[in-house]
Amino acid sequence: EATSATLLGESAVTDEKAEIDFSYEGVIAHEIAHQWWGDLITCRSWEHTWMNESFGTYSDHLYKRYAWGKDEGDYDLLRKKNGYLHEAHNRYMRPIVFNRYESPGQNFDSHTYPKGACVLHMLRFILGDETFFRTLSEFLHRHEFQSVSTQDFITCVKEVSGKNMDWFFEQFLFHPGHPVFIIEKEWDELTKTLTLEITQAQDKWEKVPIYKIPVNIGLYTANKKIVKQVWINKKTEVYKFNLDSKPLMVRFDEGNNLLKEWTFKKTEEELLYQSKNDDMTGRLWALNELKSFSGSKRTIDTWSDVAINDSFWAVREAALRILGESGKNDYKNLFLKATNDKSSKVRTAAVNILGNFREQSLTSHLRKIFETDKSYLVMAEALKSIGKCGGKSQLSFLKEAKKVQSHRDIVKRAAEQAIEMINGK
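According to our numbering, the sequence shown is numbered sequentially starting from 279.
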């Protein structure tokens, strides 16, 4: 990411087939963004690393949403949130602006990259698009060819927007953690009133504050959709909404703007509706929440339908994997059908699940997939599933498969794994 020259490794050079699964457009967008965030301006010291990397990471999100569409953009943001949450729960929580490290490289983590990008997205949500992007432009022009600190950015936000956002930055940059919400609802049919109780539960963690933050509440009735914005300021808040009828769906954080964790108990009926009618992020959430009703035929039928018919690949893949966790033969035909899905990621999941049946009768189908599929990932997964299902009669086929050239040698390595599995039986 040197000034005027972005350098990438050989792994970023793909053939047409590899491009199906290994697009480096996001990486390229991120590194190009450093011409502004990191080169035109750069962080004054390593505690302000986020000034380079969070802005670069949010830039690649903006590119993906623009180039690949809303669902891909939403899924990218969801992955960024989950990347930070994984680090927060399995390693540590720290403030984004942080000067306690043994080496500067320790600041190049999931707090600096994805969490910082999510914080910028929340700032955009609060300021609005016009003010947010005008602020970024002013900040770059005001400080071009200079080193900058976080305070420089905070000052620019205040001067351009006319709003004192110190409270926002104090919470999300100078304290560790993130909000954790518990949402409970109650419907009064007599008064046609929905009551929402929202409790913040993150104060169990040291130095994590009770947050002040706006959130959009989506209220879906049979006749209309209403979005109400409320401000959360205290540990527990209660809000009441008058509606024309009992809501079919109540959506906390409509638009998926917040970096958060949350629990929101819903009935099976509500989750079934949400799994078919919400945006991509909400559908994914509902599918997983339906695991509480895994014995219900309606839930199983919904998972099966979504696995084949949902409009977005990640939702289809999630439904497939949920059904695959059961290990039941009942869904084998569905998994076989999914090996023809238009998304290579869904096909890979289906082939992986078929391998877990460990049935030799599946090897001929898996070999056909290896020979005809256009995705290296699917080909590699087919070989590994042959290793799970097949016997020693498959070894000669697998040895030939090792000779296939592929990106990062994933086909060769999969063939070697399959051979080891068969020899280890």
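Cβ atoms here follow ideal geometry from the backbone N, Cα and C, with glycine treated the same way.
Quick caveat: nothing in here was measured; it's all calculated off a predicted structure.
By DSSP's criteria, residue i is part of a beta bridge. Which residues make up the other side?
i    : result
G665 : None, per the DSSP bridge assignment.
I504 : L497
W465 : L472
P492 : W509
I319 : W315 and Q424
I298 : None, per the DSSP bridge assignment.
Q552 : Looking at the DSSP assignment, Q552 forms no beta bridge with any residue, so it has no partner.
T477 : I460 and T514
Using beta-carbon positions only, say whether residue i and residue j come within less than 7 Å of one another.
i    : j    : result
H389 : R378 : no
L550 : V593 : no
I697 : L676 : yes
E532 : G496 : yes
A395 : S332 : yes
T320 : Y391 : no
K666 : G633 : yes
V426 : R343 : no
T473 : K502 : no
Y341 : A307 : yes
P525 : T499 : yes
T641 : G668 : yes
I432 : T541 : no
S674 : D299 : no
H643 : A296 : no
L355 : H339 : yes
E546 : F571 : yes
A627 : A658 : no
T281 : I310 : no
Within 10 angstroms of the Cβ of residue i, are there 16 or more other Cβ atoms? Answer buried if so, exposed if not.
i    : result
D407 : exposed
G702 : exposed
N737 : The chain is shown from 279 up to 703; residue 737 falls before or after that span and cannot be answered.
P382 : exposed
F423 : exposed
V291 : exposed
Y370 : exposed
S553 : buried
Q683 : exposed
W509 : exposed
H399 : buried
G560 : buried
F590 : buried
Q429 : exposed
E462 : exposed
DSSP on residue i, reduced to helix/strand/coil?
i    : result
F530 : strand
V682 : coil
A616 : helix
E309 : helix
T292 : coil
T327 : coil
A280 : strand
S574 : coil
T483 : First, the residue type needs correcting, since residue 483 is Trp and not Thr in the sequence shown. W483: coil per DSSP, three-state reduction.
K518 : strand
V593 : helix
S523 : coil
E603 : coil
V375 : coil
T541 : strand
F459 : strand
H233 : Past the boundaries of the shown model lies residue 233; the chain is included only from 279 to 703, so the question cannot be answered.
L536 : coil
F386 : coil
F635 : coil
R343 : helix
N368 : helix
N360 : helix
L705 : Residue coverage of the chain in this structure runs from 279 to 703, which leaves residue 705 outside it and unanswerable.
R598 : Checking the sequence shown, residue 598 turns out to be Leu, not Arg. Looking at L598 - three-state DSSP - the assignment turns out to be helix.
M443 : coil
S671 : helix
Would you please state the rounded distance, in angstroms, between the beta carbons of residue i and residue j? I believe it to be under 8 Å.
i    : j    : result
F450 : V397 : 5 Å
K490 : N520 : About 26 Å; that fails the 8 Å criterion.
A660 : V629 : 5 Å
I374 : W328 : 5 Å
A616 : I586 : 7 Å
I488 : K513 : 5 Å
L598 : K393 : About 30 Å separates the two Cβ atoms, so there is no contact after all.
K662 : Q695 : 6 Å
E515 : I476 : 5 Å
M558 : D349 : 5 Å
Q507 : P492 : 5 Å
R402 : F410 : 4 Å
If we define contact as Cβ-Cβ less than 7 Å, is residue i a contact residue for chain C?
i    : result
K441 : Structure shown: chain C not included; a single protein chain is present.
When you measure from the CB of residue i to every non-hydrogen atom of the ligand ATP, does any distance come out below 6 Å?
i    : result
H643 : The model on display carries no ligand, and the ligand ATP is accordingly not part of it.
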